[in-house]
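A.B. asks: Please see the structure below; I have some questions.
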Amino acid sequence: MNISAIPASDIYRSRFLNRWLNAKSSRSQELENISQFALSKASFTEILQKEITQGATLNAAMRRLRNLVLACLIKRDLNGTANLHEVISTISDFADFAIQSHLQYLMKEMLENHGQPYGEESGEAQELIVLGMGKLGGHELNVSSDIDLIFCYSEDGDTQANNQQRSLSNHEFFSRLGKKLIAAISEITEDGFSFRVDMALRPNGNSGPLVASFGMVEDYFLVQGREWERYAWVKARAITGRPEQISILEKIIFPFVYRRYLDYGVIESLRNMHHQIRAEVVRQETRHPERGINVKLGRGGIREVEFLAQVFQLIRGGRESVLRDRSTRATLLTLAEKGILDQGIVDQLMTAYIFLRDVEHRLQYLDDAQTHIFPANIDDQHIVAHMMGFTNVHSLNAVLIPHMHFVAEQFDEIFKDKSGQKDDALNTNNMSAPDANETIVAHLQTLGFLEIEEVAQRLSSTWQSAKMQALPEASQQKLAALIHSALKTISTQSDGQAVTVHRLLDFMEHIARRTAYLSLLSEFPHALQRVIRMMHASDWAAKFLNRHPILLDELLDESVLHQAPDWNVFSNEVRTLMEEQTGDIEAQLDSLRELHHALLFRLLAQDLEGKVSVEHLADSLSQLADVMVEAVVQAAWKTIASRHCEIPKFAVIAYGKLGGKELSYASDLDLIFLYDDDNQDAPASYAKLAQRFITWMTTHTSSGVLFDIDIALRPDGASGLMVSSVQAFERYQEKSAWLWEHQALTRARFCAGDPEIGARFEAIREHVLRLTREPEQLKRDVVSMRKKMRDANVNRSELFDLKHDHGGMIDIEFIVQYLVLRHSHDYPELTGNIGNIALLKLCGNLGLIDTDLANETANSYRLLRKYQHNIRLQGEERARVHIDKIAAAVGCSEALWDSLFKTEM
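Under the working numbering, think of the first position of the sequence shown as 324, with each following residue one higher.
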């Protein structure tokens, strides 16, 4: 398409433009002058005032201005001077201007006759809030479109009238004002009209009152609001009204339109709505076969692009504010930026959308008619083609039809019904029948199940439970289809079929009343397959998903699921969200948990498919914890009203598993808190921060918890202060700390907060670890501490305890700690927090222990961690195995222990 090459004669093929120009000789020059530049609200005001000054009424002047605006847009658009953005922005701005101007004039007239309306409860002056809906709300209006409006006011009450005025109720006042406004904008006069007005989207539609108080709107949403109305109210934009009252209304609209959870049930609702629209279009096409392509409601038309954008707004907008933009184009760009839709697909959708909107405008340029359908007259079709820069309608269609095919393909990708099944061997009827168990057994036999009786019994008991039978019919049908599909997949597993069925049905029972989750699994079958694989692989994963079913959304994009985390991007995302939600602690707590759980779930998925090693996973889980700790410190500090500085001089030090970067899925965090601040209020402020930090981490919200926190390793333990100054910590470590506290220090590191305090801590840590220690006394103390721990964790089973038994993980950790404390004075490189495996190998390389034994023990530690990790994934509390599985590995660690400590045992 090359609009700039359109001959000037084709521009005047607009019959509307010709009629308008021919009606007055001066208009041609007027159009030439005004079309040199894009129109603005300032232009509207200037032209309107000129008309009124020359004697026109506001109504007449506005209509003349409207015709001039349309003529200008036609000329600029067809000349290639204006793009789609300018056209739809200009006409939307003009609609706002017309509504505001007429309302201001009419309100003044009403106030003179009836006085100012006031709220009965607030006593505040009331104004009419005009909501623009549809394309006007999205600021993407068509040049010849009608405007969808809704009228609201804050609260009921009466006008304050003087003796010469007649008092009205607020409802009556605004009803009269609304009727006047509609007439002022839409009545056809000798000058035409400004806009056609459609009020059908208001509560209760055309049968409802013309205006609605906020209370009436809220009640309607709660009691009668329908699913399709959520789609309509996404676009609601206040054109008039007081900002504070508009803000109240938006808070009423928000929970109706958006859900706090990911609402995949909306796909089916929009699919049904689209089917109704398409059915009507097909009926019209059947009755009028001579009509051409419908670029708005036809297959692959503008409405399908809008549905594609808005379905993701309704699904995700409750949780992601960037998806609440009213513009279709802006929303499509956001979907690409967020990775929800592929950038290439969005680029093509945008190109198609712009092309379709351009064609739609040219259809309307012909006669200023509200049409979206190609005319039956072939000459008119060619005119439209010429306006689009094509030689004829055939060459236009050669571009238009592929665009519509692409839109239709993308629409089907999202909206096609994926839950339908031809094979309904198990359905709501036969699973609820008295002989259901026989039907289920026969079906399981057909599928080749190995544990038929156990699986059949569980299916029967679950389906016929009171909870399942009480579900709505639609939910039962979805659930039956999901179970039917799942059984086919589970039947292909070579082991654990019954276990997988038990775990899956536990999950299904848990989410059965949440139609959004049933819809997600129905709409995205690959997500169900992933759930089944995860539940087959891990009991812990199954229970985690039971606790956090909202994480199902993470299973939708396979490419994202397998990506390594980008920690900078994730940290920025967490920080930005905390800043946006400042002041709303509940939202911050939920967001922290949701972000943490989502990334943990992604790591879990990669782990279960063998994509990451245990060591790499532990590094990632530790990095994830670091990010959350940093975010909580900064966000919690801002909630302390008495804080004496904006940036806390405060640091969090990690010990234990987090300190050693060996965190697992369910690990708690061993932490201490340090500060370096001479302000007299510092101790109290940082103690309050530490307490608030623990509360933020451990509080159970609807989204679960972040971490359990253990601060027992702080100086003086349970009897010590919650936070310590850096100086006090240094004194304690040098003069009062027990040996086991120095052992713990070998795995400690700066985690979050002030980096300068972190550097001070690292210097103290290195100094303490490098202190000269009497070798034999050190050896005795380490062995004594290990004996105390072993006595406290006696293993009375016949299995080997990977953690506590002799030759197990704690023995290896004690070996490393002993070597660090024994030799760091001479070998400062041993103070590096590089992990037990690396430290063992380093000690071997330095000749402090036998090199081969060092490497073998390092490999033993890796193997024991892997066994422990796999056992924990199955939900076992204690990590124990038959000794024959790890005898060789344990033999190595026992040999190293004996070489160092045998004389002390």
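Every residue, glycine too, gets a C-beta built ideally from N, C-alpha and C.
Can you check which of these residues, Val1139, Met1045 and Leu1036, is closest to Arg1015 by C-alpha distance?
C.D. replies: Here the question's residue 1015 lines up with position 692 in the sequence shown. Minimum Cα distance to Arg1015 is reached at Met1045.
A.B. asks: Skipping 5 residues on each side, what residues in its chain have a beta carbon closer than 7 Å to that of His1178?
C.D. replies: Position 855 of the sequence shown holds residue 1178. Strictly speaking, residue 1178 in this sequence is Asn, with His absent from that position. Result list for Asn1178: Lys1164 and Gly1167, in chain order.
A.B. asks: Output yes or no for whether 8 Å exceeds the beta carbon distance between Pro440 and Gly480.
C.D. replies: Counting from 1 along the sequence shown, the entry for residue 440 is found at position 117. Counting from 1 along the sequence shown, the entry for residue 480 is found at position 157. Against a cut-off of 8 Å, the Cβ pair of Gly480 and Pro440 comes out as a contact.
A.B. asks: With DSSP collapsed to three states, give me the class of Ile696.
C.D. replies: Translated into positions along the sequence shown, residue 696 becomes position 373. Strand.
A.B. asks: Assuming Asp999 contacts Val1049 (C-beta within less than 8 Å), just tell me the rounded distance between them.
C.D. replies: For the purposes of this step, residue 999 is taken as the residue at position 676 of the sequence shown. For the purposes of this step, residue 1049 is taken as the residue at position 726 of the sequence shown. Between Val1049 and Asp999 the Cβ distance is about 5 Å, and since that is below 8 Å, they are a contact.
A.B. asks: Going by Cα to Cα distance, which pick from Ser490, Ala421, Ile575 and Leu874 is closest to Phe518?
C.D. replies: Numbered from 1 along the sequence shown, position 195 holds the residue referred to as residue 518. Measuring from the Cα of Phe518, the nearest candidate turns out to be Ala421.
A.B. asks: Take Lys745 and list the residues in its own chain whose beta-carbon comes closer than 7 Å to its own, dropping the five residues that flank it on each side.
C.D. replies: Residue 745 sits at position 422 when you count from the first residue of the sequence shown. Per-residue confidence for Lys745 stands at a pLDDT of 49, beneath the threshold of 50, marking its modelled position as unreliable; no derived number is given.
A.B. asks: Among Tyr688, Trp1061 and Met1112, which residue has its Cα nearest to the Cα of Val466?
C.D. replies: Against the sequence shown, residue 466 aligns to sequence position 143. With distances taken between Cα atoms, Val466 lies closest to Tyr688.
A.B. asks: Can you say whether Phe360 is buried or exposed, counting buried as having 16 or more other CB atoms within 10 angstroms of its CB?
C.D. replies: In the sequence shown, the residue the question calls residue 360 occupies position 37. It is exposed - the Cβ of Phe360 has fewer than 16 other Cβ atoms within 10 Å.
A.B. asks: Apart from the five residues on each side of it in sequence, which residues of its chain come closer than 8 Å, Cβ to Cβ, to Ser498?
C.D. replies: As a first step, residue 498 must be located in the sequence shown, where it is residue number 175. Pro532, Leu533 and Val534.
A.B. asks: Judging by CA-CA distance, which residue of Arg966, Leu927, Ala964 and Glu932 is the nearest neighbour of Leu947?
C.D. replies: Reading the sequence shown from its first residue, position 624 is the one you call residue 947. Ranking Arg966, Leu927, Ala964 and Glu932 by Cα distance to Leu947 puts Leu927 first.
A.B. asks: Could you give the distance in angstroms between the alpha-carbon of His408 and the alpha-carbon of Leu637?
C.D. replies: Taking the sequence shown and counting its residues from 1, one reaches residue 408 at position 85. Taking the sequence shown and counting its residues from 1, one reaches residue 637 at position 314. In a straight line, the C-alpha of His408 is about 25 Å away from that of Leu637.
A.B. asks: What are the start and end residues of the beta strand (DSSP E) that includes Val453?
C.D. replies: As a first step, residue 453 must be located in the sequence shown, where it is residue number 130. Run containing Val453: Ile452 to Gly455, per the beta strand (DSSP E) assignment.
A.B. asks: Out of Thr1174, Glu902 and Arg898, point me to the one whose CA is closest to Ile1160's CA.
C.D. replies: Here residue 1160 is taken as the residue at index 837 of the sequence shown, counted from 1. Considering only alpha carbons, the answer is Thr1174.
A.B. asks: Could you tell me whether the segment 576 to 586 touches the segment 623 to 631, using the rule of 3 or more Cβ pairs below 8 Å?
C.D. replies: In short, these stretches do not touch, since the Cβ pair count stays below three.
A.B. asks: Could you work out which residue in Ala1035, Val937, Thr815 and Glu369 is closest to Leu773 when comparing CA atoms only?
C.D. replies: In the sequence shown, counting from the first residue as 1, residue 773 sits at position 450. Per the Cα distances, Thr815.
A.B. asks: Could you tell me the distance, in whole angstroms, from the CA atom of Val950 to the CA atom of Glu444?
C.D. replies: Taking the first residue of the sequence shown as position 1, residue 950 is located at position 627. Taking the first residue of the sequence shown as position 1, residue 444 is located at position 121. Whole-angstrom Cα-Cα distance: 47 Å.
A.B. asks: Find out if the Cβ-Cβ distance for the pair Ile1080, Leu1187 is shorter than 8 Å.
C.D. replies: Along the sequence shown, read from residue 1 onward, the residue named residue 1080 stands at position 757. Along the sequence shown, read from residue 1 onward, the residue named residue 1187 stands at position 864. The answer is no: Cβ separation not under 8 Å.
A.B. asks: To the nearest angstrom, how far is it from the Cα of Asn1002 to the Cα of Gln904?
C.D. replies: On the sequence shown, residue 1002 is found 679 positions in, with the first residue counted as 1. On the sequence shown, residue 904 is found 581 positions in, with the first residue counted as 1. Looking at the two C-alpha atoms, the distance is approximately 29 Å.
A.B. asks: Determine the burial state of Val682: buried for a count of at least 16 other Cβ atoms within 10 Å of its Cβ, exposed for fewer.
C.D. replies: The residue you call residue 682 lines up with position 359 of the sequence shown. By the 10 Å Cβ count, Val682 comes out buried.
A.B. asks: Buried or exposed: where does Asp648 fall if 16 or more other Cβ atoms within 10 Å of its Cβ makes it buried?
C.D. replies: By 1-based counting over the sequence shown, the position of residue 648 is 325. Flag for Asp648 reads buried.
A.B. asks: Between the C-alpha atoms of Ser936 and Glu1057, what's the straight-line distance to the nearest angstrom?
C.D. replies: As a working note, residue 936 is residue 613 in the sequence shown. As a working note, residue 1057 is residue 734 in the sequence shown. Rounded to the nearest angstrom, the two C-alpha atoms are 38 Å apart.
A.B. asks: So Leu1144 and Leu1092 are in contact, right, with Cβ under 8 Å, and what is the actual spacing, rounded?
C.D. replies: Indexing the sequence shown from 1 puts residue 1144 at position 821. Indexing the sequence shown from 1 puts residue 1092 at position 769. With 8 Å as the limit, Leu1144 and Leu1092 qualify as a contact, their Cβ atoms being about 7 Å apart.
A.B. asks: Ignore the nearest five residues each way along the sequence and tell me which others in Tyr840's own chain have a CB closer than 7 Å to its CB.
C.D. replies: Here residue 840 corresponds to residue number 517 of the sequence shown, with the count starting at 1. Here the set comprises Ile834, Pro872 and Leu875.
A.B. asks: What are the start and end residues of the beta strand (DSSP E) that includes Thr482?
C.D. replies: For the purposes of this step, residue 482 is identified with residue 159 of the sequence shown, where counting begins at 1. Counting along the chain, the beta strand (DSSP E) containing Thr482 begins and ends at Gly480 to Gln483.
A.B. asks: Here's the rule I'm using: 16 or more other beta-carbon atoms within 10 Å means buried, otherwise exposed. How should Thr823 be labelled?
C.D. replies: Locating residue 823 in the sequence shown gives position 500, counting from the first residue. Classification for Thr823: buried.
A.B. asks: Going by DSSP in three states, Ile1034 sits in which element: helix, strand or coil?
C.D. replies: Residue mapping note: residue 1034 aligns to position 711 of the sequence shown, counting from 1. In the structure shown, Ile1034 sits in coil (DSSP, three-state: anything other than H, G, I, E or B).
A.B. asks: Hey, Leu805 and Leu851 are a contact pair by Cβ (cut 8 Å); roughly how many whole angstroms apart?
C.D. replies: Position 482 of the sequence shown, counted from the start, is the residue given in the question as residue 805. Position 528 of the sequence shown, counted from the start, is the residue given in the question as residue 851. Confirmed, about 6 Å.
A.B. asks: Counting only beta-carbon separations shorter than 8 Å, does Leu794 have a partner in chain B?
C.D. replies: Absent from the structure is chain B; it holds one protein chain and no more.
A.B. asks: Going by DSSP in three states, Gln372 sits in which element: helix, strand or coil?
C.D. replies: On the sequence shown, position 49 is the one that residue 372 refers to. Gln372: helix per DSSP, three-state reduction.
A.B. asks: By how many angstroms is the C-alpha of Gly1155 removed from the C-alpha of Ser1147?
C.D. replies: For this step, residue 1147 is matched to residue 824 along the sequence shown. For this step, residue 1155 is matched to residue 832 along the sequence shown. The alpha-carbon atoms of Ser1147 and Gly1155 are separated by roughly 10 Å.
A.B. asks: Which class does Cys475 belong to by DSSP, given the choice of helix, strand or coil?
C.D. replies: Numbered from its first residue, the sequence shown carries residue 475 at position 152. In this structure, Cys475 counts as strand in the three-state DSSP scheme.
A.B. asks: I think Tyr543 touches Pro566, with their Cβ atoms under 8 Å apart; what is that distance to the nearest whole Å?
C.D. replies: Sequence index remark: in the sequence shown, residue 543 carries index 220 (1-based). Sequence index remark: in the sequence shown, residue 566 carries index 243 (1-based). That belief does not hold up - the Cβ atoms of Tyr543 and Pro566 are roughly 24 Å apart, past 8 Å.
A.B. asks: Classify Ser1042 as buried or exposed, calling it buried when 16 or more other Cβ atoms lie within 10 Å of its own Cβ.
C.D. replies: For this step, residue 1042 is matched to residue 719 along the sequence shown. Exposed, by the Cβ-count rule.
A.B. asks: Counting along the chain, where does the alpha helix (DSSP H) carrying Ile1160 start and finish?
C.D. replies: To locate residue 1160, count along the sequence shown from 1; it is residue 837. It spans Asn1159 to Asn1168 - the alpha helix (DSSP H) in which Ile1160 sits, taken as one unbroken run.
A.B. asks: Can you tell me which of Arg606, Leu426, Tyr554 and Pro578 puts its alpha carbon nearest to the alpha carbon of Ala507?
C.D. replies: As a working note, residue 507 is residue 184 in the sequence shown. Considering only alpha carbons, the answer is Leu426.
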